[in-house]
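Protein chains in written order, with the numbering used here: chain W, 4 to 133; chain V, 31 to 346.
Pasting the structure below:
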C-alpha cells in the first residue's frame, strides 16, 4: 500500500478510535473501593510481600502500603492498577497532591491526588522511606 | 534462479480490516455489556505501538530482507511458487514462528523485544497491534534461514509470515468464547491465546503457537483455558506508564542496567542477556519456573495440574 494512503489512514484510525473510546466514557480511572481492594491490588503485584498496614487516600484513587520489607504504593493504571515499592522515591508537593519520582524506568513518575493535609502526612511518611 | 518474485504486502493491506474489526469489537462490548474491556490510554498505547512496528519494518526491514536475499543467492534450491509450495511454506513458517515465539519468552534478549506485546492489562483487538519496535535487534531472522536455504523464495516466506500475523489478529479477543472442538484441537484460538497472555502462574510461558496449536501439543507447552481460573492479563510486574517509548524499550534498559552492575563476572553479565526473564545472579528475582514452583508450594492441591509442576518431593 502506498505510504501516502497508509500514513493518513493509520493516523486517522488511531485518532478516531481514541476519541470514540473517550466519548464512550472509557477513560475512567480505576478506584480502590476499600482497604481490602487496595490490599488485593498490592498482592496482585507482590504476592509474597503481604501488607501489614494500608492507608487508602480520601478519594480512593491510591493507597500507601506498609509491608515488613518497607513502603509501597498502589495506584491506577487506566482502568486497572499497579504497585511499586518506594525505595529511593523522591516526593514533591503539587497543586493536586503529591508527585513521586521513582528510580524505575517502568514507573518513573506517579501523580497522586491527595487533600492538602493528606499530602503532608504521606510526604512525612515517605521521608522515612527515601 | 527466480529473483524477481513479488507478493502483496498483506499486513499493510489489512490495516483497514484491523480498524474496522476494532470498531466492531468495541461496539459489541458496549452494546452487549460483555466480551471484553477497553480503556482509552491502554488502547491508544497499543495502537501507537502498532504504528511504530509498521514504521520500524519500513525503516529496518532491509536488514532481514538483505540477509534473506544473500541466502537466496547461496542456495542451489528453488521450489518455485506453486500453491502447494506456498501452503507448505505457510505450515513450516508457522513452526518457525512457534520456536521464535518460544525463544521470545525464554531468552531475555528476545523477550526484551516481545515483552511490550504482553504489557497491556487488557485483552482486546488493540492488544494484537501492540507489537515490537525492536524485533530486528533480536536477530531472530536467522530462524527463517532454513526455509530460504530449502528453496522457499524470501518474498514468499515474508508473505506467509504476514498471513500468519493477520491470522493472529482476531484471536486477541474475549468476545469469542470456545469454538467447535475440532477447530480448538488444531488451530490457535481466542481461548488458547488468552491463556498465553495470562500472568497467572499456571498460564506463564505456554501456548506459543501462531496459527496451529498442534505445535504446543507436540512440544509439551499446551495449557488449556481453565473455567475455574480466569486469565489475569499483563506482566508479572505490570508497567506503571503508558508512554510508548518506555513500553518499547523498558526491558532493553533493564538488561543494560543489570549487565553493567559492578562486581559481576562476564558470565553473569552474559546470563543477564540470554537467561530466561527473571534470572538474577543472586537469585533475588523469580523466573516463571520459580513462580510456578512457589505457587504450587502455596497451593499444594494445584500441583501437577495443567501448567503447574508437581510438588518437589513428587518429582521423579
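Built from N, CA and C at the ideal position, the CB exists for glycine as well.
Annotation: residue 312 of chain V is outside any beta strand (DSSP E) and is labelled neither H nor E by DSSP.
Shown here, residue 191 of chain V sits in a helix according to DSSP, grouped into three states. In the DSSP assignment, residue 250 of chain V falls outside any beta strand (DSSP E), carrying neither H nor E. With a threshold of 8 Å between beta carbons, residue 226 of chain V makes no contact with chain W. Taking 8 Å as the cut-off, the beta carbon of residue 222 of chain V is found no closer than this to the beta carbon of residue 263 of chain V. Three or more Cβ pairs drawn from the region 177 to 185 of chain V and the region 94 to 103 of chain V lie within less than 8 Å of each other, which places the two stretches in contact. Rounded to the nearest whole angstrom, the CA to CA distance from residue 256 of chain V to residue 337 of chain V is 10 Å. Taking the C-beta atoms as reference points, residue 124 of chain V is found no nearer than 8 Å to residue 250 of chain V. Close partners of residue 42 of chain V in chain W (Cβ separation under 8 Å): 4, 9.
The Cβ atoms of residue 80 of chain V and residue 159 of chain V lie closer than 8 Å to each other. Residues of the region 85 to 118 of chain W that bring their beta carbon within less than 9 Å of a beta carbon in chain V comprise 85, 86, 87, 105, 107, 108, 109, 110, 111, 112, 113, in sequence order. Judged by DSSP secondary structure, residue 207 of chain V falls outside any beta strand (DSSP E); it is assigned neither H nor E. Taken atom to atom, the span from the alpha-carbon of residue 40 of chain V to that of residue 282 of chain V is near 30 Å. Taking a Cβ-Cβ cut-off of 7 Å, the neighbours of residue 68 of chain V in chain W comprise 24, 29, given in sequence order. By the Cβ test, the region 30 to 46 of chain W is in contact with the region 83 to 98 of chain W, since at least three Cβ pairs between them sit closer than 8 Å. Residues of the same chain with a CB within less than 6 Å of the CB of residue 166 of chain V, apart from the 5 flanking positions on each side, are 90, 93 in chain order.
Residue 70 of chain W sits in a strand when the DSSP states are folded into three classes.
Of all alpha-carbon atoms in V:152, V:243, V:238, V:311, the one lying nearest the alpha-carbon of residue 71 of chain V is that of V:152.
For residue 299 of chain V, the closest alpha carbon among the candidates V:286, V:306, V:61 is that of V:286.
Separation of the CB atoms of residue 278 of chain V and residue 164 of chain V is rounded to 7 Å, and the pair is thereby assigned contact status at 8 Å. For residue 52 of chain V, the chain W residues whose Cβ falls inside 7 Å of its Cβ are 20, in order along the chain. Counting other Cβ atoms within 10 Å of its Cβ, residue 186 of chain V reaches 16 or more and is therefore classed as buried.
Counting along the chain, residue 84 of chain V sits inside the alpha helix (DSSP H) bounded by residues 70 to 104. For the region 257 to 327 of chain V, the full-length alpha helix (DSSP H) segments reaching 4 residues or more read 274 to 289, 296 to 304 along the chain. Judged by DSSP secondary structure, residue 241 of chain V falls outside any alpha helix (DSSP H); it is assigned neither H nor E. Chain order gives the chain V residues near residue 17 of chain W as 74, 77, 78, 81, where near means a beta carbon separation below 8 Å. Proximity of residue 81 of chain W to chain V, defined by a Cβ-Cβ separation below 8 Å, is satisfied. The beta-carbon separation of residue 174 of chain V and residue 302 of chain V, rounded to 27 Å, does not stay under the 8 Å limit for a contact.
CA-to-CA, the gap between residue 203 of chain V and residue 51 of chain V works out to about 11 Å. Contacts between residue 71 of chain W and chain V, judged by CB atoms closer than 8 Å, are missing: the closest CB pair is about 16 Å apart. Under the DSSP assignment, residue 94 of chain W falls in the beta strand (DSSP E) whose first and last residues are 93 to 97.
The distance from the Cβ of residue 43 of chain V to that of residue 4 of chain W is about 6 Å, consistent with a contact at the 8 Å cut-off. The alpha-carbon of residue 325 of chain V is positioned some 15 Å away from that of residue 315 of chain V.
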